[in-house]
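Report on the following structure.
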Amino acid sequence: MRVVVLGAGYAGLTVARRLERRLHDGAELVVVDEADHHLVQHELHRLIRYPDLAETITVPLSAVFDRATVRQARVTAVDPGACTATLAPMDADADTETLEYDAAAVCLGAETAFYDLPGVEANARPLKRIPHATAIRADALDAAGGHAVVGGAGLSGVQAAGELAELARERDLGLDVTLLEMADRVAPTFAATFADAVRTELDARDVSVETGATVEGADDSTVALADGRSLPQDVFVWTGGIRGPGALDGERPALEADLRVGDATFVVGDAGAVVDANGEAVPATAQTAVQQARVAAANVARVLNDESVADPIEDGAPPSFREYRYEEAGWAVSVGDGAVAMVGPAVVTGDLARAVKAAIGAGHLGSVGAVERAATLVHEELGWPGTGPIDGTTLAAALDRYGATQATDPSNPAALERRLVGPLLALSDSLGLDGAVDLTDVTRVVDRDHPGSPANFLRRVASAPTDLAGGVRVPVLGATEGEDPDGGAPADE
Ligand SMILES: Cc1cc2nc3c(=O)[nH]c(=O)nc-3n(C[C@H](O)[C@H](O)[C@H](O)COP(=O)(O)OP(=O)(O)OC[C@H]3O[C@@H](n4cnc5c(N)ncnc54)[C@H](O)[C@@H]3O)c2cc1C
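Laid out in structure tokens, this is it:
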């Protein structure tokens, strides 16, 4: 019995780690990725400004799994009918191999779509992997006094533009940054309140945002727009769209809520275009990739449904598959040194948003066991808790930096110290200890159903007008008064 997980991004890592717990030792679990590491892709734009962060946001696959076998190879084809995947070894001289499977999760992510726009692929940098971010940084440092153009204002585009603007300011490059979006606002697939706050952060960093601007082509010094204009460019970043992985012929297969493309093959994350159990088209994000992965892991176990699974369904009836239902836990993006976070209906900016963004990254790293990287990320992003010993004075100073006057009052249920800084402090403390590290404090940071998590805290304050520390006012936008603070669905299987 062999289960294969193709790709070890957010989706693949989550599927494989869940299956490690659900499959008995007799079942072979193979994870294939062309990289030898997992990339925390939602922090990739940071490398434009902080190249040293590369190590922090990559986790060696050899350190992630308990019992899965990791194969480093390029997947070139998947045949759900025959239950096979074709692997090309990284050593170009070696032969390709056909890997047979009993069940598979295809988690190969997306590739950048250039839509055959003349000259765009040849003259633009995509932003999907570390060398892309490195190349964008190098282009920008070489382009003093010039022009940077970012095409596409989704999550990656707005964050790339923010980093470029901040890099230009810090290095006094005199590089102007333009962000182009064909829709009528930035972050067009997200709530208008969130998009407006992102726009404000971009404006504050002098990013020239042009909406309703459609890129038609490019050459080595200009970007051509549909309205006939030609914008000069010395740096051109293309974040204008995604397409499916080469192994799926560049398509993102249309998936129903059970995520199946064959009797025993599931496509998970950016690689597929999912319509969930409510009939809603699901955005391609890290958050949805992880949510889908939980469903896919459960469905892989149902396909096997035999002694290799810890909890087979015993009544002999064909297993019914679990269906994915999109749940929006909120969003957090950085825009240079600024940030915007949306939790439930509440949109916050400033230090609190930066803290939420850092906590999400740290929570993800912590959840795959990369505790030290999690702490480094928090330190790099927030400059906190600092390198010295943690004592009352250090804590007070750190809290002051958050303007968190309420935070020092332990009886105040909204205290940041209890809700966010506390867990980060515990994480930092734990690194000083030998032996086992309890990850609960890290992972709960992003668990909206945990009573102590900031996500839950924000959800609750959204139901009552509250002045948060630092003058951030959380708006009340239709949340239900008296909502069960610990409510919500239990964690997925
Ligand atoms: C700059 C940037 C910022 C972003 N910010 C956010 C954000 O704030 N919030 C959010 O939710 N999302 C964000 N996203 C989107 C998010 O990163 C993706 O939606 C997410 O990575 C999708 O997860 P995945 O597991 O489907 O694919 P990926 O994370 O892309 O993983 C795919 C894996 O498959 C491997 N692989 C690919 N092709 C092959 C092959 N042929 N053979 C073998 N292995 C292969 C890759 O090496 C990789 O490990 C951002 C993306 C970018 C680029």
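In terms of the numbering used here, the sequence shown has 169 at position 165, counting the first letter as 1, and numbering is strictly consecutive.
Note that CB positions come from ideal geometry on N, CA and C, so glycine has one too.
*With a threshold of 7 Å, establish whether the CB of Thr289 neighbours any heavy atom of ligand 1.*
yes
_Quick check: is any heavy atom of ligand 1 less than 7 Å from the C-beta of Cys87?_
no
*Buried versus exposed call for Arg129 [16 or more other C-beta atoms within 10 Å across all chains shown]*: buried
*asked:* Please report the distance separating the alpha-carbon of Leu308 from that of Met346.
replied: 39 Å
_Quick check: is any heavy atom of ligand 1 less than 7 Å from the C-beta of Pro249?_
yes
*Should Leu48 be listed as close to ligand 1, given that the test is whether its C-beta is under 7 Å from any heavy atom?*
yes
*When the Cβ atoms of the region 206-223 are set against those of the region 130-140, are three or more pairs found closer than 8 Å?*
no
*Ends of the beta strand (DSSP E) at Thr100?*
No beta strand (DSSP E) holds Thr100; DSSP gives it neither H nor E.
_Beta carbon of Ala275 nearer than 8 Å to that of Pro249_ = yes
*If you check the beta carbons only, do Val35 and Val82 fall under 8 Å apart?*
no
*asked:* I'd like to know if the region 261-281 and the region 8-15 are in contact, where contact means that at least 3 CB-CB pairs between them fall below 8 Å.
replied: yes
*Which whole-angstrom value is the C-beta distance of Val211 and Ala169, which I expect to be below 8 Å?*
5 Å
*Under a three-way DSSP split, which group does Ala92 fall into?*
strand
*Decide yes or no for the touch test of the region 12-28 against the region 287-294: beta carbon pairs closer than 8 Å, at least 3 of them.*
yes
*Quick one, are the C-beta atoms of Leu183 and Val190 less than 8 Å apart?*
yes
*asked:* Any heavy atom of ligand 1 closer than 7 Å to the beta-carbon of Glu32?
replied: no
*asked:* DSSP has Pro236 in a bridge; who is on the other side?
replied: Thr226
_Using a Cβ-Cβ cutoff of less than 6 Å, which residues in the same chain neighbour His151 once the five nearest sequence positions on both sides are dropped?_
Asp180, Pro236, Gln237 and Asp238
*Would the beta-carbon of Gln163 be found less than 7 Å away from any heavy atom of ligand 1?*
yes
*Just the Cα atoms here: how many angstroms apart are Gly283 and Pro257?*
16 Å
*So who's on the other strand from Gly342, going by DSSP bridges?*
Val339
_6 Å CB neighbourhood of Glu32 in its chain, flanking five on each side removed_ = Arg6
*asked:* Please tell me whether Ala137 and Leu51 are closer than 8 Å, where the distance is taken between their beta carbons.
replied: yes
*asked:* Could you check whether the Cβ of Tyr14 sits closer than 7 Å to any heavy atom belonging to ligand 1?
replied: yes
*asked:* Within a Cβ cutoff of 6 Å, which residues of the same chain sit near Phe118, ignoring the five residues on either side of it in sequence?
replied: Val124 and Glu125
*asked:* Classify Asp253: buried if its beta carbon has 16 or more other beta carbons within 10 angstroms, exposed otherwise.
replied: exposed
_C-beta contact flag for Ser338 and Thr243 at 8 Å_ = no
*With a threshold of 16 other CB atoms inside 10 Å of the CB of Gly113, please say whether the residue is buried or exposed.*
buried
*Return the residue from the list Pro55, Tyr54, Pro64 and Leu57 that minimises the CA-CA distance to His42.*
Pro64
*Leaving out the 5 sequence neighbours to the left and right, which residues in its chain are closer than 6 Å to Ala20 when beta-carbon positions are compared?*
Val9, Val35 and Ala72
*May I have a chain-ordered list of the alpha helix (DSSP H) segments no shorter than 4 residues that lie completely inside the region 110-165?*
124-127 and 134-145
_Cβ neighbours of Ala343 in the same chain (closer than 7 Å, five flanking residues each side left out)_ = Ala336, Val337, Thr353, Ala357, Arg358 and Lys361
*Val9 Cβ short of 7 Å to ligand 1 heavy atom set*: no
_My assumption, with CB atoms under 8 Å, is that Asn508 sits in contact with Asp224. Please give the rounded CB distance._
This structure cannot speak to residue 508, because the chain is shown only from 5 to 497.
_Residues of its chain near Asp188, where Cβ-Cβ distance is below 8 Å and the 5 sequence neighbours each way are ignored_ = Thr215 and Gly216
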